Every structure is written in C-alpha cells, then in structure tokens.
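Engineer:
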Amino acid sequence: MIVSIQKRDGRVEPFKPQKITAAIQRAGEATGEFAVEEARRLTLKVVTLIHSLQDTLSLSVENVQDIVEEVLLASPYRRTAKAYIIYRDQHARLREMVRKADVDLIDSYLGRVDWRVRENSNMAYSLQGLNNYISSEVSKVYWLNKIYPAEIREAHDNGAMHLHDLGLLSVYCVGWDLQDLLRGGFKGVAGKAESLPAKHFRTALGQIVNFFYTLQGEAAGAQAFSNFDTLLAPFVRYDRLGPKEVKQALQEFIFNVNVPTRVGFQTPFTNLTMDLIAPSTLANEHAVIGGKEMPETYADFQPEMDMINTAFLEVMTEGDAKGRVFTFPIPTYNITEDFDWERPGLEKLWEVTAKYGIPYFANFVNSDMSPDDARSMCCRLRLDTRELNRRGGGLFGANPQTGSIGVVTINMPRLGYLAESEQDFLERLDHLMGMARNSLEIKRKVLERFTEQNLYPYTKFYLRQVHQRFKCYWQNHFSTIGLVGLNEACLNLFGEDIGSERGRAFALTVMDFMRARLTDYQEETGNLYNLEATPAEGTTYRLARLDKKLYPEIIAAGGDGEPFYSNSTQLPVNYSDDILHVLDLQDEIQTKYTGGTVVHAFVGEAVSDPQAVKAFVRMVCQNYRLPYFTLTPTFSICEDHGYLSGEVHECPHCGQYTEVYSRVVGYIRPIQQWNAGKQNEFHQRKTYRVAQALAQ
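So that you can map any letter, position 168 of the sequence shown is 1119 in this note's numbering, and since no number is skipped, the others follow by simple counting.
(1) On a Cα-Cα basis, can you pick out the residue from Y1492, P1027, N1518, I1432 that is closest to D1381?
(2) So which of R1636, G1546, L1297 has the shortest CA-CA distance to G1357?
(3) Mind checking E1105: buried by the 16 CB within 10 Å criterion, or exposed?
(4) Mind checking whether L1129 and L1227 have CB atoms under 9 Å apart?
(5) Given a cut-off of 9 Å on the beta-carbon distance, is the pair R1134 and G1242 in contact?
(6) Would you identify the three-state DSSP class for E1203, choosing helix, strand or coil?
(7) Identify the continuous alpha helix (DSSP H) that holds L1129 and give its terminal residues.
(8) State the start and end residues of the unbroken alpha helix (DSSP H) segment that holds Q1416.
(9) I'd like the span of the beta strand (DSSP E) that includes V963, first residue to last.
(10) Is the region 1170-1186 in contact with the region 1253-1264, if contact means three or more CB pairs nearer than 8 Å?
(11) Tell me the rounded alpha-carbon separation between T1278 and Y1618.
(12) Looking only at its own chain, which residues have a Cβ that is under 7 Å from the Cβ of Q1426, when we skip the five neighbours before and after it?
(13) Do T1476 and R1400 have their C-beta atoms closer together than 9 Å?
(14) Just verifying my parser: in three-state terms, what is the DSSP assignment at H1042?
(15) Between S955 and V1397, what straight-line distance do the alpha-carbon atoms span, to the nearest angstrom?
(16) I1530 bridges to which residues according to DSSP?
(17) What does Y955 pair with, by DSSP beta-bridge criteria?
(18) Just the Cα atoms here: how many angstroms apart are F985 and T994?
(19) By alpha-carbon positions, which one of C1605, G1450, A1507, I1018 ends up nearest to G1628?
(20) DSSP three-state call for E1590: helix, strand or coil?
(21) Would a C-beta distance cut-off of 9 Å place S1430 and N1478 closer than the cut-off?
(22) Tell me the DSSP secondary structure of Y1003 in three-state form.
(23) Could you check if M1112 is buried or exposed, using at least 16 other CB atoms within 10 Å of its CB as the buried criterion?
(24) Can you tell me whether K967 is buried or exposed, with buried defined as 16 or more other CB within 10 angstroms of its CB?
(25) For M1256, does the three-state DSSP call read helix, strand or coil?
(26) Among residues of its own chain, excluding the 5 on either side of Y1502, which ones have a beta-carbon nearer than 7 Å to its beta-carbon?
(27) Assign E1632 to one of three DSSP states: helix, strand, or coil.
(28) Is it right to say E1439 is buried, meaning 16 or more other beta carbons lie within 10 angstroms of its own, or is it exposed?
(29) Could you please give the first and the last residue of the uninterrupted alpha helix (DSSP H) stretch that includes K1565?
(30) So if DSSP puts V1611 in a beta bridge, which residue, or which two residues, is it bridged to?
(31) From the DSSP output, in three-state form, read off S1355 for me.
(32) Which value, in whole angstroms, describes the spacing of the CA atoms of G1555 and Y1123?
(33) Taking the straight line between their C-alpha atoms, what separation do you get for G1270 and M1225?
(34) Suppose the cutoff is 6 Å on Cβ atoms and the five residues either side in sequence are ignored; what does the same chain contact list for Y1189 look like?
(35) Counting C-beta neighbours from all protein chains within 10 Å, is the total for E1610 16 or more, i.e. buried, or is it exposed?
(36) Where does V997 sit, in a helix, a strand or coil, going by DSSP?
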C-alpha cells in the first residue's frame, strides 16, 4: 500500500494517483492520441507496477515518473511517450536554472571561492559584479540546457571546447557605422528619448558615449566605430574650435567612456579605428553635419583630423588624475604604404605607445588587408562564400555593420594528448569543429529570433539596413571558431614546441585544415565563418584546470604554479627575449587568421626613446606580413606619486603598494585583477628590448 511520496525538496506528501492521471492526460491531449478515460487506464498500470516494487515506502517523484515513462513506452502511444519525456526534460532544466540562482552562488562570490570572480579583469568585485555573476550563471544554464543539444553541452562542460559568452543571451562583438549615427542621431526605440543628428563636436561625442553605453548592454563583447577622426573632423572646423577646445572635449569623452557603467561594474569595452588620413572610400564623400551634407568632402579636413589625433593622444598619454592608463577606447591606427612617418603631431602616438602601449597597429603595408575593407561590409551586397573574409578591426574591433555572433574555442592540448598521430589529431579536430559549427548555427537562429522579438531594440534599429537588404539582421556577422594552446598540443603530440621546425609546420597544417573546413561551412550554410586567435582570458585557465584533473600527465604551461595554455598559436611567453626571432617564427602563422589576432611585443618598462618606437613599428610593417601588433610596456601606479616605469610593487618615494599594469590578452589592466592562471603567465613572460631589436 503506497501511503506517501517524497518530493524533490525532501518533503513527504500523501500519494495521490489522480496527479499521475492529470500528467498523462496532459501529454495525451497535447498529441491528440487519447483523453481522460485512457489516462485513467494507464494510471492503473502505473499504480500496479508501483505495487510490484519491493520497497514502496521510500518512493520518490522521480521513481514514479520513471514508471510512467515505462508504461507509456510499452503502450501504442509513442508520440505521447516522447512528449512526456520531453516535458520531464524541460522541467528538469528549469529546476536546474532555479537551483543555480540559490544562496550558494551568492556565498561563493562573496567569499571569492570561485576563480571566475576574477575571470574577467575588466570586472571589479562589487555589488554589480555579484549581480552579473548570478545572472551569468542562470543564462549559462539556459544556453546549455534549453538551447544546445546534449552533445554540445557535454563538449563544453568537459572542456573539449569552450563556448564563449554563455553568461549573456547575445552576440560577441559588433562594429557600428558611425556615419549612420551622424546622419540620423541616436534614436530608434519607442518610449525612449531621441536625439537629432549632432550639429556640434561635443554633441557628436556625447551621442557616441550614449551609443556605447546603450549598445554595450545588448552585446557580450566589444563595440567598435571606424573612421573616428575622418568623420568627426568637419565638426571641429564648423564649430571653429582650436587645439585647446578639441582637447577639452576629447578629455570629457575619454573619461566618460572609462566610467564603469556596464553590468558587473565594467567599463564599456570600446574600440576606435583612426585613419590619420581620409581613406579613399570617404575622401571624396561630402562631409555630414547635423545630418546634412556639407559642400566640402572629408579630404578637405586634414588639419582638423590632425588636431583630433594630437588631442586624443595627448589625453591618452597624460592618463587620469592619478596617472592611470585609460583602458578604453582601444585605438587602432592604420599604417598604410604611404604613411607619413614624419607627420607633425604624430610624436604623441610614439610617446603613448612607449609609456602605456595603448595603440594597436594595423599593418596595411605588407599584410593582405586593405584600408578600404573597413566599409566593404556596409556596401557589398554579397560575399563569395568560397573565400574567407576578414572581420577587420583587430582583436576586439570590427568593421562597420559586421562583427561576430559568437565564438567557440577548440581545446588543442587535449587533442594533442589524446591523438595517436597527426592524422588522428586532424580527424578529432574535424569532429569538434563540426560541433562548433552546429552550436554557432543554432546560436545564429536564436539571436535572429530574439532580435525579431525586440530583445535588443537598439541593435535591431541600427541593423535595419542589413535587414532591409538580406531579410535578416545578422547576415554580415561572422560565426567564429578559434583555438587555444597549439604550442602545448605539439608538446603533447610529438614532444616539440611550436617554435621547432616540426611544430611550426604542424601549426600551418592545422591552420590550413581549419580554414578549409570554415570555407566548407560557409558554402554549406551561406553564413560567414572566420578563424580567430581567441583572446581566451579565462578560457586558457579553465581548460588547463579541467585537463589537469582529467589527465594529470597532460603537458600545460605554468610550471609548478597555476596551469594555463599558451594563447592560440602563440609561442610560450618565456620562449625568447628576441622579438625579431619571435616575429620570424610567428609571421606566416599570423597571416592565416581571418578573425581577430595580434602579436604583443612585451617590454619590461617604458621605452625611453619614442623615436625607437616609431622605428620599431616601421620595421615591423615593412618586413613582416602579420596583420596586427602592439608594443606593451609594464608600468606601475602609486596612489600618491602616479606613474612609475616598469614592474614596481612598492613606490620608491613613499613605500606604498602600487598597481602594476600590463596587457592581459588585448587590453591593459592591473595584474592584481587578473585570474590566477593569467597572473602566473605574467610572471613567466620574457620581455623584449626594442633598441636591441633595431640594432640587429
């Protein structure tokens, strides 16, 4: 005799067969196979089976539901059985979502028990950080349990690959069309305040700030504008501004975009591309002010472009009130074949690079990129799916009207550890890439549906032109597949690092294999795919930790400290102190990427001679084909005495502890805020000497 049943929360309640009848009836009516009378008959079978059990005293809800499944599967009502199983699974997922949002999550954040509290160094420990931590976990459960099939969920959970940005139901990175904002103003959502097109320089900057603040809330990654100096230069002339007024306006702008207004107490992740000279795609276009075309073309405003660039660089060089670096916006400078290395006003570019290492340099001299690509995604009606296209904009940026809907990173060291040969490695890689592709196709459809439902109202408005052209919003945005730890993959597979002749040859084989697969995916789906050196700030640590638990003998970086994997196809951070040797080994590999990639030249302290920086940048662009690179000094900040060159943990003037800054994966943050794996990486880095490189 069944008297009671144990609920999932541990409570014991009287056993009521009518609840079983109700559940079976709902399933039967949903499929149209039967109604209440048949539900009652099936319930009798369930109860009879329960009575046949030896122990009915400890009966649980799950036991009863298992028996209901068994009865339905044995009946002629196969569609109802399937519907009931799906119903159970959906409710299990919902319970998991609720469970994730319990007090344990709060306690693990408050006690800093979970390493993911410092997964992202742009996010500070705070109440907003706590809120983001909780909501991210719930979103992650939704993606993995509600959206993705079990195979993809398991591949992520066990570390075979990493699905990025599960903490937000949105896209990765987005490049926007600044011309669209200047022509139409900031608007597009019913019930929200709207702005007319900007008529003045300060107003335009204010609208850009508001745009970044708002659109950052609708994406997981970076927000980018290209042609910043070209498109804003006319406002300077029409406002009759001098260098002092331009600098003051840009000072306000840069400070405002560095305020932590984003969820999780983060600064909006922003990227600006500077042209320095009006590109051919804009040079002969009429300038736009107040939404109207002016008589002059953009090529006529070179003095004002120079003024903007000089003022911007002065503000970035000075830093904030304490001498801290302005982390954002990350500026990318286009170095073209006709670049004027002696142009007046560019001295500050070399100074800010020597002091903080802020700029990214886009190599348009020797790489296969063109400055005209920056507007190609806006204007091209159709892309050749047999050709892999570049997203543009560096590691975090993106050309206008393009970007990436999502990123999946393949765990290369595990493949190297498990594979029995190079061919076996490629076959295993092919399987994982297929799963990555499937996950990205699913995500693209989900994002398209969410956009139609107005979950991202401003994004929907500013992608309206793409929708008008293609009848979908994300047609111009790439599905991105990346990799981590190819160096450790080589070590695990055949005992040589990626700097060896065999390691480098294998890396090129892997990259060509991945590119060929991505081309196939484009042709099969009609969607854009690209290959990225994913930043993997938290991923290198997460995957290495998982692998060390599953396979204690696997080779990872980190020595006796916290394990991590080398980023993408990079050499180990302690491989060499000879930057030219590193560039020689990396150059061909870097050209294989079509998504974000960058080579960071880490120097131990500020370069004393800015002219040496200029010579270094020129030498790299003229002798190498790699698309993007940075020069990254280490520096420290004292609360009272400001900027200190190099890694200085105690101020020599007052003895206070300092903040030590370096580039974590692509942006500059205090190393105290890095996760444990990245901190260990920092301490293992070998640094380069620019003067020594130039003397070779």
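Just so it is clear, CB atoms sit at the ideal spot from N, CA and C, and this is done for glycine as well. Remember, it's a predicted structure, so these values are computed and weren't measured experimentally.
Structural biologist: If we stick to the structure as given:
(1) Position 430 of the sequence shown, counting from 1, holds the residue named residue 1381. Among Y1492, P1027, N1518, I1432, the Cα nearest to that of D1381 belongs to I1432.
(2) Here residue 1357 is taken as the residue at index 406 of the sequence shown, counted from 1. Taking only the C-alpha atoms, the option nearest G1357 is G1546.
(3) Along the sequence shown, one-based indexing puts residue 1105 at 154. Taking every protein chain shown into account, the CB of E1105 has fewer than 16 other CB atoms within 10 angstroms, so this residue is exposed.
(4) Numbered from 1 along the sequence shown, position 178 holds the residue referred to as residue 1129. Numbered from 1 along the sequence shown, position 276 holds the residue referred to as residue 1227. Cβ atoms of L1129 and L1227: not closer than 9 Å.
(5) The sequence position of residue 1134 within the sequence shown is 183, counting from 1. The sequence position of residue 1242 within the sequence shown is 291, counting from 1. In this structure, R1134 sits near G1242, with a CB-CB distance shorter than 9 Å.
(6) The residue given as residue 1203 occupies position 252 in the sequence shown. Looking at E1203 - three-state DSSP - the assignment turns out to be helix.
(7) By one-based count along the sequence shown, residue 1129 stands at place 178. From DSSP, the alpha helix (DSSP H) with L1129 extends over 1129-1135.
(8) Locating residue 1416 in the sequence shown gives position 465, counting from the first residue. Looking at the DSSP string, the run of the alpha helix (DSSP H) that includes Q1416 is 1415-1421.
(9) Taking the sequence shown and counting its residues from 1, one reaches residue 963 at position 12. Note, V963: beta strand (DSSP E), 963-965.
(10) Yes, they touch.
(11) Reading the sequence shown from its first residue, position 327 is the one you call residue 1278. Reading the sequence shown from its first residue, position 667 is the one you call residue 1618. Roughly 7 Å between the two C-alpha positions.
(12) The residue you call residue 1426 lines up with position 475 of the sequence shown. Around Q1426: V1417.
(13) Taking the sequence shown and counting its residues from 1, the one referred to as residue 1476 is at position 525. Taking the sequence shown and counting its residues from 1, the one referred to as residue 1400 is at position 449. Cβ distance not < 9 Å, so T1476 and R1400 don't count as in contact.
(14) As a working note, residue 1042 is residue 91 in the sequence shown. H1042: helix per DSSP, three-state reduction.
(15) Numbered from 1 along the sequence shown, position 4 holds the residue referred to as residue 955. Numbered from 1 along the sequence shown, position 446 holds the residue referred to as residue 1397. Here the alpha carbon of S955 sits roughly 43 Å from the alpha carbon of V1397.
(16) In the sequence shown, residue 1530 corresponds to position 579, counting from 1. DSSP, once it has assigned bridges, lists no residue as partnering I1530.
(17) For this step, residue 955 is matched to residue 4 along the sequence shown. Before going on, a small fix: residue 955 reads as Ser here, not Tyr. Bridge partners of S955 according to DSSP: P965.
(18) Numbered from its first residue, the sequence shown carries residue 985 at position 34. Numbered from its first residue, the sequence shown carries residue 994 at position 43. Their backbone Cα atoms lie some 13 Å apart in a straight line.
(19) Translated into positions along the sequence shown, residue 1628 becomes position 677. When each option's Cα is compared against that of G1628, the closest is A1507.
(20) By 1-based counting over the sequence shown, the position of residue 1590 is 639. DSSP places E1590 in the coil class of the three-state scheme, outside both helix and strand.
(21) Mapped onto the sequence shown, residue 1430 falls at position 479. Mapped onto the sequence shown, residue 1478 falls at position 527. Note that the C-beta distance between S1430 and N1478 is below 9 Å.
(22) Looking up residue 1003 in the sequence shown gives position 52. First, the amino acid is wrong: residue 1003 is Ser here, not Tyr. In the structure shown, S1003 sits in a helix (DSSP, three-state: H, G or I).
(23) Position 161 of the sequence shown, counting from 1, holds the residue named residue 1112. Answer is buried; the Cβ neighbour count reaches 16.
(24) Position 16 of the sequence shown, counted from the start, is the residue given in the question as residue 967. Its Cβ having fewer than 16 others within 10 Å, K967 is exposed.
(25) By one-based count along the sequence shown, residue 1256 stands at place 305. Looking at M1256 - three-state DSSP - the assignment turns out to be helix.
(26) As a position in the sequence shown, residue 1502 is number 551, starting the count at 1. Y1368, listed in sequence order.
(27) Looking up residue 1632 in the sequence shown gives position 681. Helix.
(28) The count along the sequence shown starts at 1 and reaches residue 1439 at position 488. E1439 is buried by the Cβ-count criterion.
(29) Position 614 of the sequence shown, counting from 1, holds the residue named residue 1565. Element bounds for K1565: 1561-1574.
(30) Along the sequence shown, read from residue 1 onward, the residue named residue 1611 stands at position 660. Paired residues: S1587.
(31) Here residue 1355 refers to the residue found at position 404 of the sequence shown. Note: S1355 maps to strand in three-state DSSP.
(32) Taking the sequence shown and counting its residues from 1, the one referred to as residue 1555 is at position 604. Taking the sequence shown and counting its residues from 1, the one referred to as residue 1123 is at position 172. If I take the Cα positions, the gap works out to 32 Å.
(33) Here residue 1270 is taken as the residue at index 319 of the sequence shown, counted from 1. Here residue 1225 is taken as the residue at index 274 of the sequence shown, counted from 1. Spanning the two alpha carbons is a distance of roughly 19 Å.
(34) By one-based count along the sequence shown, residue 1189 stands at place 238. Closer than 6 Å at the Cβ level, and outside the excluded window around Y1189, lie I1240.
(35) Working through the sequence shown from its first residue, we reach residue 1610 at position 659. E1610 is buried by the Cβ-count criterion.
(36) Residue 997 sits at position 46 when you count from the first residue of the sequence shown. Note: V997 maps to helix in three-state DSSP.
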